[in-house]
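Trainee: Attaching a single structure in structure tokens format; questions to follow.
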Amino acid sequence: MAKTLQLQFLNQENKTVTIGIDNPIEPVDLIALDAAMTSILIANVFVSAGGDLVSKKGARIVERNVVEVI
Numbered sequence: 001m002a003k004t005l006q007l008q009f010l011n012q013e014n015k016t017v018t019i020g021i022d023n024p025i026e027p028v029d030l031i032a033l034d035a036a037m038t039s040i041l042i043a044n045v046f047v048s049a050g051g052d053l054v055s056k057k058g059a060r061i062v063e064r065n066v067v068e069v070i
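Numbering (UniProt numbering), first residue to last: 1 to 70.
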């Protein structure tokens with residue numbers, strides 16, 4: 001089971017931009033997560049096709065299960 005922490009932001013066009021982090025530490029420290037997302041916005045280190053990231057939308061952990069059938 002592969003897990004990914006997805007950080008979701010809105011860009012200048014109000015579209016969702018997702019940054020994925022593989023194998024996150026669990027349980028997620030919500031205070032540290034919020035601080036990290038704020039730091040990403042302040043530092044302006046990521047740019048999307050729709051412009052700079054301007055606000056936080058949310059965060060989630062996605063778990064994938066792969067079952068080989070052949």
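Just so it is clear, CB atoms sit at the ideal spot from N, CA and C, and this is done for glycine as well.
(1) Quick one: Cα of residue 27 to Cα of residue 63, how far?
(2) Is it true that the CB of residue 10 sits closer than 8 Å to the CB of residue 54?
(3) Which residue marks the beginning of the alpha helix (DSSP H) containing residue 34, and which one marks its end?
(4) Based on Cα-Cα distance, which residue from 15, 29, 45 lies nearest to residue 61?
(5) Specify the secondary structure class of residue 11 as computed by DSSP and reduced to three states.
Mentor: Concretely, from the data shown:
(1) Reading the sequence shown from its first residue, position 27 is the one you call residue 27. Reading the sequence shown from its first residue, position 63 is the one you call residue 63. For residue 27 and residue 63, the distance between alpha carbons rounds to 14 Å.
(2) Here the question's residue 54 lines up with position 54 in the sequence shown. Here the question's residue 10 lines up with position 10 in the sequence shown. Yes. Within cutoff.
(3) Sequence index remark: in the sequence shown, residue 34 carries index 34 (1-based). Taken as a continuous stretch (DSSP letters only), the alpha helix (DSSP H) holding residue 34 covers 30-43.
(4) Along the sequence shown, one-based indexing puts residue 61 at 61. Out of 15, 29, 45, 29 has the C-alpha closest to the C-alpha of residue 61.
(5) Locating residue 11 in the sequence shown gives position 11, where the first residue counts as 1. It is a strand residue.
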